[in-house]
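Trainee:
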Amino acid sequence: MGADFFIGLFLATLIVALFTSRLYRLIFWYSMNSLVLGILALLVGKALDDKAMLITGVATLLIKAVGIPYLLKHFSEKFQFVRQIQPQIKTHYAIILIPAILVFTFYLSEPITHMMQGNTNYVAISISSLFLSLLLMMEHRDVAPKIIGFLSMENALFLLGITATEGMPMLVELGIFFDLLMAIVVMNLLFYKEETQS
Amino acid sequence: MMLALLVLPAAVMFIVSFLKYRKAKFLLPISSFAILLPIVKLFMLSKPYAILGSYLVADKLDTYVLLVSSLVGIGVTLALLTLGKHVRVTDKAYRRFYRFFAIFWVGLIFSILANHMGIYWIGLELATLSTVYMIKTNHTLAAHKEAWNYMIVGAIAISLVLFGIILMYASAKPILGERAMQFDLLLQHAKEIPSPFLFEMGFAIAMVGMFVKMGFFPMNLWLANIERASFYPVAALFSGILESAVIIGFFRFSRIAMQINYVHLFGFVFVYMLLTIFIVAFLIFRAKDFMRLFSLSGVEHMALIALFWVSGGTFAALLHFGAHAFLKPALFLSTGVLESNGKYRIAGALKGYSGKKGTLFWVLVSLFLLAIISLPPSPMFFSELYGFGAMIQTAKSSNHILAMIAAILLLLILLSVIFYRFVAIYQSMKYEGKAEEKKVYASELLALILFAVCLFVLLLPATFDYLRSIV
Amino acid sequence: MFQFDTLSLVFTALIILGVVPNLFYSYGYLPHIERKAYYQIHYFAFILSMVGVVVSANALMFLLFWELMSLASWQLILTEAKEKKTLDAARFYFLMTHFGFVFLLLFFLIATDGNLELGFSAMHSIVAKFAYPTLLFFFIALGFLSKAGAVPLHVWLPYAHPEAPSPVSALMSGVMLKVAIYGLFRFLFDVLYPWPLEWGVVILVIGSLSSLVGVLYALSEHDIKALLANHSIENIGIILIGFGMGMIFESMGLKILSSFAFIAALFHTFNHMSFKSLLFMGAGSVLHQTHTKNIEKYGGLIKAMPVTALTFLLASISISALPPTNGFLSEWMIFQSMLGSSHLGDTSLKLAIPFAIFALAMTGGLAIACFVKAYGITFLGLHRSINAKHAHEVNILMRAGMILMALVVVTLMLFTPFYIDWFDKVLTEFGYPSVYERIFPEGIWHMHSVNIHGGVVSPLILLGALLGVTALLMFGYKVLDVKERIHRTWSCGYHASARTQYSATGFAGPIRRFFGWLYKPDEHFSRESIEGDSSKFSDSHYEVHVRPLFEKTLYQSVGKSANFMSYWIYRLSHFEQTRYAAMIFNLMLGVLFSYRIFAHDFSWATLMLEGAVMIISIKVLIIGDKR
Amino acid sequence: MTAYLLTIVILLLIAPLLLSFIKALKMYLLYKRPISLLQGYRNFAKLMQKETIISKEASNITRIAPFLVLAPLLVTLFFLPPVVHGAFYVSFVDAFTITGLIALSTFFLMLLGLDSASAFGGMGSSREAFIAALVEPAMVLTVFSVSMMAGDLGVGQAGVNLAAHFPREHTASFLFAAISFFILLIAENGRIPVDNPETHLELTMVHEAMILDITGVYLAIIETAASVKFVIFASLFASLFLPLGLQYALPIAIAIFVFKLFLIAAAVALIEVNTAKLRLFKVPNLLGIAIVFAFLSLITFYVLGA
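Chains as they are written, first to last, in my numbering: chain U, 10 to 207; chain V, 370 to 840; chain L, 529 to 1155; chain C, 5 to 310.
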């Protein structure tokens, strides 16, 4: 089914994000990543016709694919972020590292038995995307990419939630969204430097 | 209904914190004292008591934790009254502190009372994010930087926890369906979970998240830095309450994991804690100022609690938890007072307190200092006796008995390194350096007395029986 | 909760005997302590906790009181904390005692199966089931001997005891160490019984070493209280020798002999309590008058402080194990029990034990030398400093304390049979045959050793004879009424002065030189010679210090390594976001990998693989490459 | 009983005689005109006439110490083994007690040396302490092995047993014990090579240095103590290591015993003539020999089987 294709896309966008060295492009790839996630949610939701997941999908599209990238861009203009972001980890390391992570996660999830229709690969992929987003956080010194790394970690969670468990309880998902917004608010507050001059 | 009661004071605090006029300054503490009342009420009720369906359920364990936390909160707010006398703090920051304290409190109630992994996580996240801002109420560059650090670390940790939760949920969903997120159900059906490996993996990830959040291995200094940079009441909240929100999650998850595979759980936690305490011991051996010292020792004690819990010494763990939750904030507050003239001079810090208040103050502080290294008759002495007893029991029942005993011996040796350091600190505080006139205010003293009384209550046989009856 | 069997009662009695005179003394001493309330609180807490230890009947109580005892004594050392020396001593003491506590804790936790309210006798059955009793033995040996101050855990004594206020050092040295001995008795008999032969040998060796080391370092001391503290090490060693012999005989099945040896150990425990407390009190009085602990600054004090001098003399004779004092009697018993080794079946042991005898005898000889030095330099000759010149007798309470303690010594000397009978009861309670009848077959006059054609001693007759003969001689001297004249005697034509008389350093000189290989003393010698003439010099100064060997080797290296390690860990753990994220990454990797291996299918190959992967990723992500 | 008392009296009487005998013999061997054997008594009488001068610095110790130096030795005299078969002897005192008593008298002698604040007194005491400390273990070990062979630790009993049946099967260890005891005899009584009683150079003195400032009656007492000590050791040696001739009738037995004493004295004198005094720091080597022999005798005793 189409799900696998989109999961592939998800991973691909994440990996591309790892190699970008410009902030805006990074944000763009993040929004792409979330977009794919949203579509995935909708697809799976339709397949299982699960209302909750459809809502989640829509929310994802709205908040993650559009809202947050926009906000980030807004911030970056407001607080003059450094837009030139060089990955710390050398490319040739990264080239080895990323496949290695994938291999490892598949090896990791291999003994997982009797999951519903054996979609252990989804678990593997989401774990690997977790690792990758950690990698994203590691390879940048500036704050903004770190935030994006954090956000894509959130995406990895959603991926897991959508694929492996076919949706979490509604309440939880909404809670997660709420917290996400909260996080953005706090970040906004944190960006205000003018208090620190005192 | 009960939920409304619980949240009410926080809500009031939140709203009041927006009001500009001067009365607010006095309304805030009162509203924060009010947090105790519903909790006492809750404490009286018969357990388990469903507050919000199966989402929030009050049982003995979490009401105990909540009670302790609320007492700590009250003590902290008491000390907060005279914060301005020791450090420069604007009115705005003061109000904002309360605003976020309200959010923090709500998050805390949710995470502690949660019978549902998701709710637990949400509450935890709320509490974390609000503390991030509480750190920043102290307007220094350092505080700003540390707030960011905490933001990042907290974010990573929290997401790991959620990831783990989802995996566990996934592992249990085939048998429990949507209700696979409820702790009690999970506990009951732990044995039937179809894919224990998946659960354990989730558990491992979640635990790593929690441990990182509590400042365990790897590197233990960021927590210290944060607590150094923020106002001392914030530090007190950190060590007193936030940690308790995390540790209760650890309690719940590990109980389920025990059902699934005890050996794996024990091995994982034991190795992790040994590493943590090893590092912490040597960090403390070098620690040069109070805040770092105390926050590091906080890490140490959290590690001990976790160890006691997984090695079956639940009573010891709970007692130790209570003792630590009261002792550490007390120490942080007194540290704030000791450092009131801005310098962290350890030598002679306890000198120069004259008059009734002063004397009482330094006596209390030295008592706390000696209690934190679990000298009798501090509750920690007993909790460590029982906790290590439980550990030895596990060792005896395991089939690597000598190795286990060696490990425990190593643990004890590391603890005595910490012990040595604290003795040295105490001595130099009391006997070295030169005395200079210092002041202590009634409210702080009151807070310390409150903590002292709570500690004493912990020692009563009735309390012991209650704690034994919890799990 | 509490128990009052004979062993507990005996040690309670010991504590009381030690404490009551001490009370007088310390109230005489009190005016010179600033923080009176502090001192008194901890003083009584200390006493109570010691009593608590010896009467407590379960592990919880024991550990509680034990730790309280350490706490109180530590606070007492800090009573007069002025200079850094005191602080270091206190800290070191507390560390050592906590170190011991750790092992005791382990012992109890293993022996009680975690149920700390368990009685001691119940622990015995648990221990019987435990697979490694020797481990337990080492735990309690380390635990109690670190408190009792036996080699190599003795280093804290010469630091801690001198720094405490004198009444406290009297208590610590006289009584607290004995509480540790009580612990040995209690748990070896109640819990760890029966013992293999090796344990006894271990204790015996430790004892012999301690006695020699203690007395040797005592000889090289100039600080009188440190000297006495070192003698405590020696006496603990002697007690342990007796104890070890007892254990050896026991495990060889010679009940009678072993009971005799244990009685000897107990008796010496009492004696040491009495005369060591007395000595510390005397030293305290002297210190209190001259405001210095340096023995070189004393001299001629016998004229100023007769009571102190007399009691100190009594104690010195007793501790040097000279007849007819109680010290002699207990050491005699220990010698006798060692001669009993000729009954052992094991030839190698037979041949080994004479070395212990040699050690003990050597100790005796050196102790005599040491106390001649201590007494002679302190009380005889001319005063060596202004303070010594202006010294006068201490106040009535302190004198009362010393006299009472002297009485305790005398009673131990006179009523030996009574005490022996009592100690005998202790052992009969542990199921030993009563040996009182064998020790005193014909009344209280003669004291026999229990081994076949062992020796006999008759303390009372001896005492009588000595007193009688001396009295007779003195009477004769009176009768002759010889003309006496007080005048300058011919001290080789020199004016006898404080500077010409022999110093403590000089007195110990030959022995120090003979044992130079052990002491490795660092000597400071300076002199002002007159216009470059090598033989004539106006002023010269010689000073020698001996740092204990163990301290130099064992303890300092441990401290160094701790510093080193902490330094590196501190450097590693400075927080930095990127590195931290990397660490979490690696942590996750490690944890998940291990779970995968251990939880699913374990194989060493995969474990090796994991190791390799971890190392690589740590290298790449955390350490990075050198810039 | 009479024999017992008689022996004690005789021992007391010949004590000074023995010392002056040694001196005389030495002088004779050195081709000097030997002093009269009565010299000891003469000195005693002379000293008894004199007044006692007590140095300004001295304390009461000086007043009591001399008696306490002599008393233990006198007491010891009563505990010696019998010289004739079937005579009364004190059964309830063992070798440790005697060692202790001797140590007691040494203890006070050392205090005496320190009391009059003269440099040489202190020096003497210090050296004496050094030697005594090293003598102690050798003494104890020797006593141990002898008591093994005699089958009793009580001195009197030991003497009797040895006389009754000589331990032929342990001749080796007996010999070793004898050697070490003889060395101890020399060391304890401050004879050459350990100490030179006739020296006039304070720097080399040990025993003499301690009593430099003692005069008159006190000095007499100390001198007596020295001679008594020698007698004690000599008679111990005589009855433990030469256990012969007790079976004869009283006068003959005593004669034999006295002869033995003189024999020992002669041996000491010969050694004194033929050896030079050791430096203080060579003394341990000599005592080391004693200790080694003591060990040897024990070991041989055990190994050759009791």
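No residue lacks a Cβ here, since even glycine has one placed at the ideal position from N, Cα and C.
Quick caveat, the model's predicted, so the values are computed rather than measured.
Could one say the Cβ of M146(U) lies closer than 7 Å to chain L's Cβ atoms, at least one of them?
Mentor: yes
Trainee: Quick check for students: name the residue ranges of the alpha helix (DSSP H) that lie wholly in the segment 90 to 130 of chain U, counting only runs of 4 or more.
Mentor: 100 to 118
Trainee: Between which two residues does the beta strand (DSSP E) holding E957(L) run?
Mentor: Not the beta strand (DSSP E): E957(L) falls in the alpha helix (DSSP H), residues 944 to 957.
Trainee: With a threshold of 7 Å between beta carbons, is P108(U) in contact with chain L?
Mentor: no
Trainee: Answer yes or no: the CB of H1069(L) versus the heavy atoms of the ligand FMN, is any distance below 6 Å?
Mentor: Inclusion of the ligand FMN in the displayed structure is not the case, the ligand content being empty and no account of it being possible.
Trainee: Look at the alpha carbon of F750(V) and the alpha carbon of L687(V), and state the distance between them as a whole number of angstroms.
Mentor: For F750(V) and L687(V), the distance between alpha carbons rounds to 13 Å.
Trainee: Where are the alpha helix (DSSP H) runs, 4 residues long or more, that stay fully inside the segment 597 to 661 of chain V, in chain order?
Mentor: 601 to 606, 612 to 629, 631 to 655
Trainee: Rounded to whole angstroms, how far is the Cβ of A884(L) from the Cβ of S736(L), which I believe are closer than 8 Å?
Mentor: 5 Å
Trainee: Would you please state the rounded distance, in angstroms, between the beta carbons of A153(U) and L81(U)? I believe it to be under 8 Å.
Mentor: Rounded, the Cβ-Cβ distance is 7 Å, consistent with contact.
Trainee: What residue range is occupied by the uninterrupted alpha helix (DSSP H) comprising F131(C)?
Mentor: The question names Phe, but residue 131(C) in the sequence shown is Arg. Segment 123 to 154, the alpha helix (DSSP H) holding R131(C).
Trainee: Leaving out five residues on either side along the sequence, give the residues of the same chain with a beta carbon under 7 Å from the beta carbon of V94(C).
Mentor: Result list for V94(C): F82, F83, G160, in chain order.
Trainee: Report back the beta-carbon spacing between S43(U) and T69(U) to the nearest angstrom; my notes put them in contact at under 8 Å.
Mentor: 6 Å
Trainee: Okay, do the segment 671 to 679 of chain V and the segment 804 to 824 of chain V touch, 3+ Cβ pairs below 8 Å being the bar?
Mentor: no
Trainee: When you compare the CB positions of F84(U) and A524(V), do they come within less than 7 Å of one another, or not?
Mentor: no
Trainee: Quick check on DSSP: helix, strand or coil for M177(U)?
Mentor: coil
Trainee: Hey, would you say M798(V) sits closer than 7 Å to I715(V), going by beta carbons?
Mentor: M798(V) is a Cβ neighbour of I715(V), given a cutoff of 7 Å.
Trainee: Would you verify that the beta carbon of A694(V) is, or is not, closer than 7 Å to some beta carbon of chain L?
Mentor: no
Trainee: For T839(L), which residues of its own chain have a beta-carbon under 8 Å away from its beta-carbon, when the five flanking residues on both sides are left out?
Mentor: L806, M809, G810, M930, I931, M933, A934
Trainee: At least one CB of chain V closer than 7 Å to the CB of T205(U): is that the case?
Mentor: Caution is warranted here: a pLDDT of 44 is assigned to T205(U), below 50, making its placement in the model unreliable, and no coordinate value can be reported.
Trainee: Contact check, S386(V) vs R464(V) under 8 Å by CB: the rounded distance?
Mentor: Contact flag correct, Cβ pair sits at about 5 Å.
Trainee: Is D1050(L) helix, strand or coil when you go by DSSP?
Mentor: Correct three-state label for D1050(L): strand.
Trainee: What's the call for A483(V), buried or exposed, on a 16-neighbour Cβ count within 10 Å?
Mentor: Classification for A483(V): buried.
Trainee: Is A427(V) helix, strand or coil by DSSP?
Mentor: strand
Trainee: Please report whether the beta-carbon of T1134(L) lies at a distance below 7 Å from any beta-carbon of chain U.
Mentor: It does not; no Cβ of chain U falls within 7 Å.
Trainee: When the Cα of G76(U) is compared with those of F88(U), E119(U), P96(U), Y39(U), which residue comes out closest?
Mentor: Y39(U)
Trainee: Tell me whether the segment 247 to 258 of chain C and the segment 220 to 239 of chain C touch, counting them as touching only if at least three CB pairs, one residue from each stretch, are closer than 8 Å.
Mentor: no
Trainee: Report yes if the CB atom of L652(V) is closer than 7 Å to the CB atom of L644(V), and no otherwise.
Mentor: no
Trainee: Tell me the start and end of each unbroken alpha helix (DSSP H) in the segment 539 to 622 of chain L that is at least 4 residues and wholly inside, in chain order.
Mentor: 564 to 583, 587 to 605
Trainee: Which class does L860(V) belong to by DSSP, given the choice of helix, strand or coil?
Mentor: Here chain V has residues from 370 to 840 only, and residue 860(V) is not among them.
Trainee: I121(U) touches chain V at which residues, Cβ-Cβ below 7 Å?
Mentor: What I121(U) touches in chain V, judged by beta-carbon distance under 7 Å, is S564, F566, L567, going in chain order.
Trainee: Which residue marks the beginning of the alpha helix (DSSP H) containing V73(C), and which one marks its end?
Mentor: Residues 64 to 81.
Trainee: Give the secondary structure of D98(C) by DSSP, where H, G and I count as helix, E and B as strand, and everything else as coil.
Mentor: Three-state result, D98(C): strand.
Trainee: Residues of the segment 1112 to 1141 of chain L in Cβ contact with chain V at a cutoff of 7 Å, in chain order, please.
Mentor: I1112, L1115, M1116, V1119, L1120, Y1123, F1126, A1127, H1128
Trainee: Can you tell me the Cα-Cα spacing of G1021(L) and A136(C), whole angstroms?
Mentor: Distance between the alpha carbons of G1021(L) and A136(C) is about 29 Å.
Trainee: Are the C-beta atoms of H626(L) and some chain V residue less than 7 Å apart?
Mentor: yes
Trainee: So, for S536(L): in the same chain, excluding its five sequence neighbours on each side, which residues have a beta-carbon less than 6 Å away from its beta-carbon?
Mentor: Shown here for S536(L): same chain residues with a beta carbon closer than 6 Å to its own, the five before and five after excluded, namely V582, V583 in chain order.
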